[in-house]
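Heads up: the structure comes next, in structure tokens.
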């Protein structure tokens with residue numbers, strides 16, 4: 072099993088400070104403290120043998136809870152560590168111009184000599200995605216939103232197909248519903264320096280009239296054919312199967328062991344349809360959180376001030392508590408979303424999403440996860456910015472030294 076640490080990241084503050092300093096995201100000192108904490112924690116994770124660290128891509132969070140990532144933060148962490156792979160899980164593809172993203176990823180991979188990974192997401196936060204994707208008329212979505220969801224998926228998959236073409240060692244043409252390369256596709260793009268390109272550029276870029284007829288994105292990634300690809304954070308079989316076909320590592324948010332097993336078997340079976348013979352859980356990951364303590368009560372106390380805080384105040388609005396649903400909830404709530412009152416430490420632990428308690432408790436939960444799906448990747452949702460730095464480091468050190476060596 073490979074271990075990756077997932078930062079929100081968050082501007083460090085108590086609940087009272089977030090309210091008193093509203094909006095805390097104006098406070099430069101808090102940004103500097105967050106950057107310093109992310110860097111210090113990343114160095115510690117490297118020393119403990121973690122494979123990598125990751126960030127989400129989210130923006131405009133004036134509340135300071137989930138500041139997301141752009142390539143500059145990834146690059147900063149890489150330059151302040153020695154071996155960690157660093158990158159987002161993931162870039163929200165409908166909000167990106169495909170060529171610009173292909174360039175950002177390839178440049179970062181070249182600058183860091185292959186110390187980055189790439190994750191993809193469809194985007195569920197309207198506050199920023201609706202603004203960034205307005206030219207392609209895409210909105211944020213959650214699963215099963217009819218035409219809105221279908222359009223989001225359509226653009227997501229089109230951008231992904233363009234990225235794959237852009238990373239190949241050859242020029243490409245693409246005539247999609249939302250993007251065309253070259254543009255305009257029918258005639259090509261006028262290019263005044265066609266004589267120079269014909270002499271020194273890529274064969275196939277030009278036609279006989281000196282029009283650009285194919286696009287060649289450079290640089291190409293340092294890693295061949297591209298960095299390791301991840302999908303964030305999956306709760307649908309459709310996404311898991313798509314990842315299997317596209318050689319992308321799905322990271323399951325779903326915690327129910329029966330569902331994890333089902334997704335792992337579906338992933339393995341779907342991969343076989345495109346010639347990928349995988350072991351159960353190979354090229355698949357899970358998102359979980361871990362709290363090591365003397366007992367579960369002590370662990371739950373840390374959870375209350377840690378990861379439970381953004382779930383109760385923020386994430387439950389987007390349906391993430393559905394990942395903790397059980398059969399009794401189906402009888403009690405039917406198709407209605409779980410209320411915030413159901414977002415509790417007990418529920419997270421009982422569902423298997425939070426591994427918490429003594430070393431014995433956590434080993435037992437880890438063994439159950441291995442039995443259910445045997446995931447190759449374990450992505451640990453961390454507490455940076457939510458708990459005091461020393462408490463975050465204590466937990467990481469305990470788990471990194473006493474638990475993870477049994478599974479690496």
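Residue numbers (this note's numbering): 72 to 479.
Note that CB positions come from ideal geometry on N, CA and C, so glycine has one too.
Looking only at C-alpha atoms, which of the options sits nearest to residue i?
i           : options            : result
residue 414 : 337, 406, 371, 280 : 371
residue 453 : 146, 401, 468      : 468
residue 477 : 97, 120, 239       : 120
residue 190 : 127, 360, 251      : 127
residue 295 : 312, 416, 188      : 188
residue 450 : 368, 219, 161      : 161
residue 78  : 152, 151, 157      : 157
residue 240 : 287, 260, 201      : 287
residue 376 : 416, 406, 306      : 416
residue 257 : 264, 247, 266      : 247
residue 363 : 327, 399, 471      : 471
Go to residue i, then tell me how far its alpha helix (DSSP H) extends in each direction, as first and last residue.
i           : result
residue 170 : 169-182
residue 144 : 142-150
residue 291 : Note, residue 291: premise wrong, no alpha helix (DSSP H); not H, not E.
residue 382 : 379-384
residue 419 : 416-422
residue 105 : 99-118
residue 227 : 217-237
residue 437 : 430-443
residue 132 : Residue 132 -> no alpha helix (DSSP H), and no H or E assigned at all.
residue 200 : 197-203
Who are the near neighbours of residue i in its chain, counting only those whose CB is closer than 8 Å to its CB and skipping five residues on each side?
i           : result
residue 84  : 92, 95, 101, 135, 456
residue 305 : 311, 314, 321, 322, 323, 324, 325, 334
residue 350 : 339, 445
residue 277 : 262, 265, 268, 269, 283, 284
residue 367 : 420, 427, 428, 429, 432
residue 170 : 233, 237, 252, 286, 288
Whose C-beta lies closer than 6 Å to the C-beta of residue i among residues of the same chain, with five residues either side of it excluded?
i           : result
residue 207 : 226, 249
residue 297 : 238
residue 475 : 74
residue 380 : 457
residue 159 : 126, 128, 140, 190
residue 302 : 191, 314, 319, 321
Once the 5 residues before and after residue i are set aside, which same chain residues still bring their CB inside 7 Å of it?
i           : result
residue 213 : 195, 389, 390
residue 122 : 73, 74, 75, 156
residue 89  : 95, 134, 135
Which first and last residues belong to the beta strand (DSSP E) in which residue i is found?
i           : result
residue 451 : 448-452
residue 358 : 356-363
residue 90  : Premise fails: residue 90 lies in the alpha helix (DSSP H), 86-91, not in any beta strand (DSSP E).
residue 189 : 189-192
residue 78  : Segment: none, residue 78 is in no beta strand (DSSP E) and carries neither H nor E.
Can you tell me whether residue i is buried or exposed? The criterion is at least 16 other CB atoms within 10 Å of its CB, across all chains shown.
i           : result
residue 365 : exposed
residue 234 : buried
residue 289 : exposed
residue 299 : buried
residue 466 : buried
residue 360 : buried
residue 431 : exposed
residue 339 : buried
residue 275 : exposed
residue 180 : buried
residue 186 : buried
residue 198 : exposed
residue 108 : buried
residue 280 : exposed
residue 255 : exposed
residue 137 : buried
Who does residue i pair with in a DSSP beta bridge?
i           : result
residue 458 : 455
residue 158 : 125
residue 425 : 360
residue 261 : 282
residue 251 : 246
residue 320 : 301
residue 163 : 192
residue 74  : 449
residue 277 : 283
Shorter than 7 Å from the beta carbon of residue i to some beta carbon of chain D?
i           : result
residue 212 : Looking for chain D here will not work: only one protein chain is present.
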